[in-house]
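To keep things clear, I will list the structure first and then write my remarks on it.
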Amino acid sequence: MNSGSHHDHHEDTLAWRIQQATGVKLAHCYQCGKCAAGCPVADQMDLPPCQVFRMLQYGLPEYDKRVLESEGIWLCLACETCSTRCPQEVEIPKVMDFIRGEALRLNLAHPRSRDILAFHRAFLDSIEYTGRLYEVGLVADYKVRSRHFLKDVMLAPKMYVKGKLGLLPHLIKNRRGMKHLFKHTIGKG
Amino acid sequence: MRIGYYPGCSLLGSSREFDESARAVLKALGVELVEVPDWNCCGASSAHILNHELSIALPARILALAEQAGISEILAPCAACSNRLLSAQQELEKHPELLPGIEKAIGMPYKGSVKIVNILEVLDRLKVLISVLTTAPFRKKVASYYGCLLVRPPRVVNFDRPEDPQSMDLLLKAVGATPVEWPFKTECCGAAFSVTRTDIVAKLSGKLVQDAVKRGADAIVVACPMCHSNLDLRRAEINEYLQKEYAVPAMFITQVVGLALGLDPKALGLHRHLVPVAFAETAGVQS
Amino acid sequence: MRVLRVPCTGRIDYMMVLKALHKGADGVIVSGCHPNDCHYTSGNYHARRRWMVFKKMMEVMGVDMRRITFSWVSAAEGARWAQLVNEVTDQVRALGPYTEFRQVIGAGIE
Amino acid sequence: MSRIGVFTCHCGENIGATVDCVKVAEMCKDIPGVVHSVEYKYMCSDPGQRQMQEAIKEHKLDGVVVAACSPRMHEPTFRRAAGDAGINPYMCEMANLREHCSWVHEKGEATTQKAADLIRVLVEKVKHNEPLHPIKVPVTRTAMVIGGGVGGIQVALDIANGGHKVVLVEKSPSIGGHMSQLSETFPTLDCSQCILTPRMVEAAQHPNITLMTYSEVEKVDGFIGNFKVTVRKKARKLDEHLCTGCGLCIQKCPNKKISDEFNEGLGTRTAIYVPFPQAVPNKPVIDTLNCTYYKTGKCKVCEKMCPTNAIRFDQEDELVTLDIGAIVLATGFKLMKTDAFPEYGYGKHKDIIDGMQFERLASASGPTSGVMKRPSDGRSPETVVFIACSGSRDRAKGVPYCSKICCMYTAKHAMLYKHKVHSGKAYVFYMDIRAAGKDYDEFVRRAIEEDEVKYIRGRVSKIYEEDGKLIVMGADTLMGGEPVVIKADMVVLATAVQSNDRSEELAQTLHVSYDSYGFFAEAHPKLRPVETNTAGIFLAGACQAPRDIPETVAQASGAAAKVVGLFSNEELTREPIVAVVNRQAAPVYSTCVGCFICQGACPYQAIEQEEIMARSGEVIMTLARINPGLCQGCGTCVATCRTKAIDLQGFSNEQLYAELMTL
Amino acid sequence: MEAVIQRAKELLEQGEVKAVLGYAKGTGSARRPHFARQAGQLDKLVMDEACVQNLAVYVTKHEVKKLGKVAVVALPVTQRAILQLMAERQLRDGSLAILAVDDGAVKELDSASALEEHLALKAQVLNAKDKASLADLEAMDQGQRWAYWQKELSRCMKCYACRNTCPMCYCDHCTMDCNRPQWVPVASHGIGNLEYHMVRTMHLAGRCVECGDCGRACPVGIPVHLLTIGAEETVHELFGQRAGHKAKLDYALSTFKTDDKESFIR
């Protein structure tokens, strides 16, 4: 017996790739706007979440590109307010995660995402080499990557005084295991 | 009571006082903590942005290490850590096909048998004991601030109710505090944008500080290191954004409970805050 | 997938399941109205007990019970029925022909 | 040897598009016993049926298989046609090529082969069919209507005016239902009570209608034409015959602070009360949960005041059993409560109300006498936000369906508000405006164009309270999802229409089907919308799905017509699908061993004992016998019988075995 | 034993019963059923550990019923079978004098209610050997169980000894003999054997008194009693009902509870 679901899959669309990777079906979104209404950063986004979904629903290359190039996708805080309240139970942050990955893969990430990306990369590098987050190293690395050398120069000494900044990294014992872990996940490329 | 313990990176650095106060309070309540040996970072707010598998493998390694150490229940005080651990555990439960790849990456078997709990859940179990042992009731008006990760997404964390949660309020009542009725218990503070988009943090956290004060709170009580650093370390930026000097301190729930139990403010790391807890020294002598 | 119509789950004699296997079915779905929702008041409650005992007996005999699916689907649940049939047919296809049982049938042909 | 005819239907494209019907008809000719096999575009059409009838005569067929759609649709059609052609109607069976084959498979050789296989199975069944004869049963010409809202009243009046007795059962103290709570009705804005109360009075005074208010159905036995219904008459704690409805008891009751259900908690009532001034019957009940006497053993003020000594503190519930021929369910709906909305404060904000509460605020007979006052502090709200689809079309809240009435009543609410507070601002958050109905869209346009209600297309994410205002955080999807924040004085949630409390329990009592939301299921969504799957039980109104007043009343009249039609017969014929215990010649008599295990399995107490006696009067054996009047043909006894002594006509062991062995 | 013989003698001599059914010495150490229709034949009666057969199988036979009231030397399994047969209306209440022998004591019971009362006093315990065998079966995986039963049943020649020795298989017209339709193939081959034992098990689930006679009767040593006893234990676990304990029919498969618990129906 056939399931009867033999629609054409537009494999070249972002919507299809999202469904494959996250299981989220874009068609579930009926554009009620509740996500945008509750999103703490919607007013800063060039495309609020419901607009991102609207564009993806078309399945047209020019709209997919606009989504991938948007700044808004980098502002999502993954606070899950939208998905918690979504009447259609769409896991929006999961989709945002995936779109960001695609934007990077296709070299379409918004220029202003550079800082955010620099932070995340520095974060992961830190744990790849030490196993745990080394905050001083992270901030230094971030500064180099983002070229915001002067950012937070005032905060660090205060934190140090309060005993909140360790100058030496915490190293875990099995650092080779950590390298192995990165190699077999993000490093699979 | 014996329970596994996963402090997470923040509790070793910028939120050291959360670790200190959690250990102090749980010790006072007779809970023995068994730290997960050679634990690693959970990936927190970065791994899932860049790579899905990595975001599962990092927590999976922690849980597998806990399993090897014979830990059946693990406390992750950091809300971000407990959220990531739970997400990874459920993702592996829902998609067993991912398991071989993950086990290969972490170089260990993973069973998924460890139960993950947050600090409020553990304190909630000890609530009766806490109220009995309270020697210095915390007679302050407080804004209990849960943030995002403790209660959302509800299908993952399955803890308290997603809007207007109650567990921290009840705990605070148990130690003599008066929680204010406020609508921003689970609004986002700006989370991981602490370093990169401080402007957004100032705005979102600013809204929280402003409203808490307006509703008469003497302190904002948190259970998440990220929330705490945004409300405390970023207070200068918040005040600049709001064009007003707000001095309301942000305290960890463990610090509040610790004070109520009569523990030494220093042992609770209260001196580490950038926004001073002005009443900390006197809190102990109030009745 | 072939459908055999009976008025009520209460009418479903376990012999019918055995005969379906005998005729070479690789999977069987036994289905009817939800408990409490029987068109004939309580036929499905009796059926439920019968299935509980039957399933255990089949397990003791070593029959592969992944091939027999019991389910409640009401007349108002078309989509659920379609989903069930798709899932079960996929599952049974994945299991392949029930060769163990077929060998026994083969032994019966004189 | 059987002479069977096979008639394969294309059902237009329904079967023909994926199944090669011509080939199927050819293949069927090779089935042993089949002497005639043809296909036709529409077998159910007149020429199609005639073709079958002619073939029966011409080829002297003794059995027929019609390979077409589901037997649920056309089995009666073809059986009647076969019967008219001279063979026993039960010698006709249907193979379901449409639902079981063509609709679920793609075009191809395998699909055609499967179609032929399905027919083969039914041919084998027909070979084992026996001629059967319908069973006649008498009809009790009294109807019961359950639910005394506008739908139930309409059903009762229509049946009563058709000349038949009706018992109208209502669980609350008065008939009238939700409609009696409404202020005005869309799209005409006429007063709800003004049009409803005359109907209530008419029902109460009709000689053919017996009202049973404050009563609930406990148990239903029997079958179409012959139900036995047990009704619990809850104790009003007064003698209805003595009570004149003077109301002195109510005036003097000291306990006046009880939350008033009729006013949706916005007002208060006494412990002895009538729900509303126009209640029918206008006889009070004592709320024993709140009455001081029942709580403390002291008070009895009402008893002292009553001029006719009608109060009966010791009155108990009474169980009444009635003979009923047909039942109509008109039990209505309930609204989702505001506490189901975490993001809107779990119902803790007094000024966030639901649609029915707004009706009471707007009603001249309501707690504010129709003056707009918000519940928290009684101030006139200057800004009101109405939120449509609150909980509806929201799978996260378990209600994926559209509640259907909210678009219209929200427009009405906004309009009523604007009429009462001219300077006020009314905002409506909506997702779609569903205003299909006579004068409906015009009504919504009037709200927008003339009364200047601001419609915003988007959902509201959160509402919180700040400085005495409700901060409504929405978004405008027509402005690219831009966040919209409105500081409101009052928020009205058009909450979802849900099946009534305990509707599933009632459905189980009546053995009718219900959907996963607790709404009663109709027998066919298009063609049998007022019937249930259980013969003799009908539906009207919102107990089946969300409905507005005009639809409910229309459906009520439809259900009444069905009942009146049923009552136009002296006797009913029932399908002869019943169980029988075999009988054989002496000395065997039957393969029944008389263990009577079947008795426990029968849901209908249809299995009796029969003693086989010798001429001497000595009992040789005691065997089971099935009363065909009581047996409904479920077949549970058949599957329970070890010696296969019981069989089910129409689904016999031989028939099913033949089908199975043809799979 | 003396007490039993004594009482049996009285009953027989006073004409209260027409015959006494008990055990006598058989070949070797075996015991066989013994019908005594005169007092003189009573001396052959024995009662010892070797008396295991469930004598209830004889009391439903037409020949025995025709005799009139009969006294039966009844082990607990026999008592249970008789009570179940009365509940299933195969024996008239009062048609037997039951000489209950358990733990050496003798008690005369002449009604179903007396039997029910008597049986309620003692818990029904499965013997250790059968319990262990059932546990072994349980421990196997599905494939192993299949292989086990296929091997065992391959020896079955459908002699129906298991059926004939069973007190609950009293039907005059067994399903096995039903040929319209022929549900179970007659021949003793793979499917025929498998289906026969499945049907026998289902027919006895909730009715088996766990005497184990079917297993003992099998000439080729197939442990068929494990099937019926296993099914009876399943019924007891699932529904808390047991065959042979109630005077009024209390058959698990013709009753139900609305909250019967299962987890496999989707």
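Protein chains in written order, with the numbering used here: chain A, 1 to 189; chain B, 190 to 476; chain C, 477 to 586; chain D, 587 to 1249; chain E, 1250 to 1515.
For each residue, glycine too, the CB sits at the ideal point set by N, CA and C.
Close Cβ partners of residue i (< 6 Å) along its chain, the five nearest in sequence each way excluded
{"i": "Asn1247(E)", "result": "The question about residue 1247(E) has no answer here: the residues shown for chain E are numbered 1250 through 1515."}
{"i": "Met1406(E)", "result": "Ser1437"}
{"i": "Lys886(D)", "result": "Tyr879"}
Distance, residue j Cα to residue i Cα
{"i": "Leu75(A)", "j": "Met45(A)", "result": "7 Å"}
{"i": "Thr1414(E)", "j": "Glu1511(E)", "result": "34 Å"}
{"i": "Ala1361(E)", "j": "Cys1181(D)", "result": "16 Å"}
{"i": "Leu315(B)", "j": "Val331(B)", "result": "21 Å"}
{"i": "Leu14(A)", "j": "Leu77(A)", "result": "21 Å"}
{"i": "Val1473(E)", "j": "Val1374(E)", "result": "19 Å"}
{"i": "Ala1007(D)", "j": "Ser949(D)", "result": "Sequence inspection shows Val at residue 1007(D); the Ala mentioned does not correspond to that position. If I take the Cα positions, the gap works out to 14 Å."}
{"i": "Thr954(D)", "j": "Arg785(D)", "result": "26 Å"}
{"i": "Asp776(D)", "j": "Gly763(D)", "result": "17 Å"}
{"i": "Glu679(D)", "j": "Leu708(D)", "result": "7 Å"}
Three-way DSSP call (helix, strand, coil) for residue i in this model
{"i": "Gly984(D)", "result": "coil"}
{"i": "Val1374(E)", "result": "coil"}
{"i": "Ile991(D)", "result": "coil"}
{"i": "Met679(D)", "result": "Rather than Met, the amino acid found at residue 679(D) in this sequence is Glu. In this structure, Glu679(D) counts as strand in the three-state DSSP scheme."}
{"i": "Tyr1050(D)", "result": "strand"}
{"i": "Trp548(C)", "result": "strand"}
{"i": "Leu77(A)", "result": "coil"}
{"i": "Cys595(D)", "result": "strand"}
{"i": "Phe1505(E)", "result": "coil"}
{"i": "Pro657(D)", "result": "helix"}
{"i": "Gln432(B)", "result": "coil"}
{"i": "Thr1229(D)", "result": "coil"}
{"i": "Asp1351(E)", "result": "strand"}
{"i": "Lys881(D)", "result": "helix"}
{"i": "His622(D)", "result": "strand"}
Reference residue i, options the options, closest by Cα
{"i": "Ala1252(E)", "options": "Ala1384(E), Arg1404(E) and Val1355(E)", "result": "Val1355(E)"}
{"i": "Val731(D)", "options": "Ala789(D), Leu768(D) and Glu692(D)", "result": "Ala789(D)"}
{"i": "Glu685(D)", "options": "Ala653(D), Asp670(D) and Val1077(D)", "result": "Ala653(D)"}
{"i": "Tyr932(D)", "options": "Gly365(B), Ala412(B) and Pro354(B)", "result": "Pro354(B)"}
{"i": "Pro343(B)", "options": "His148(A), Glu80(A) and Gly59(A)", "result": "Glu80(A)"}
{"i": "Asp1075(D)", "options": "Asn895(D), Phe1153(D), Pro961(D) and Met680(D)", "result": "Pro961(D)"}
{"i": "Glu135(A)", "options": "Gln31(A), Phe123(A) and Val161(A)", "result": "Phe123(A)"}
{"i": "Phe1153(D)", "options": "Met958(D), Pro724(D) and Glu968(D)", "result": "Pro724(D)"}
{"i": "Ser113(A)", "options": "Ile238(B), Leu459(B), Val303(B) and Trp371(B)", "result": "Ile238(B)"}
Residues of its chain near residue i, where Cβ-Cβ distance is below 7 Å and the 5 sequence neighbours each way are ignored
{"i": "His522(C)", "result": "Gly486"}
{"i": "Arg1465(E)", "result": "none"}
Chain F contact for residue i (CB, 8 Å cutoff)
{"i": "Ala1061(D)", "result": "In the displayed structure, chain F is absent; the protein chains listed are A, B, C, D and E."}
- request: Can you give me, in chain order, the residues of the stretch 346-366 of chain B that have a beta carbon less than 7 Å from any beta carbon in chain D?
  value: Arg350, Pro351, Glu352 and Asp353
Against chain B: residues of the stretch 910-933 of chain D by CB proximity under 8 Å: Pro928, Glu929, Gly931 and Tyr932
task: Check each residue of the stretch 334-345 of chain B: if its Cβ is closer than 7 Å to any Cβ of chain D, include it; give the result in chain order.
output: none
field: the stretch 1150-1183 of chain D: positions lying closer than 7 Å to chain E by Cβ
entry: Thr1177, Val1179, Gly1180, Cys1181, Phe1182 and Ile1183
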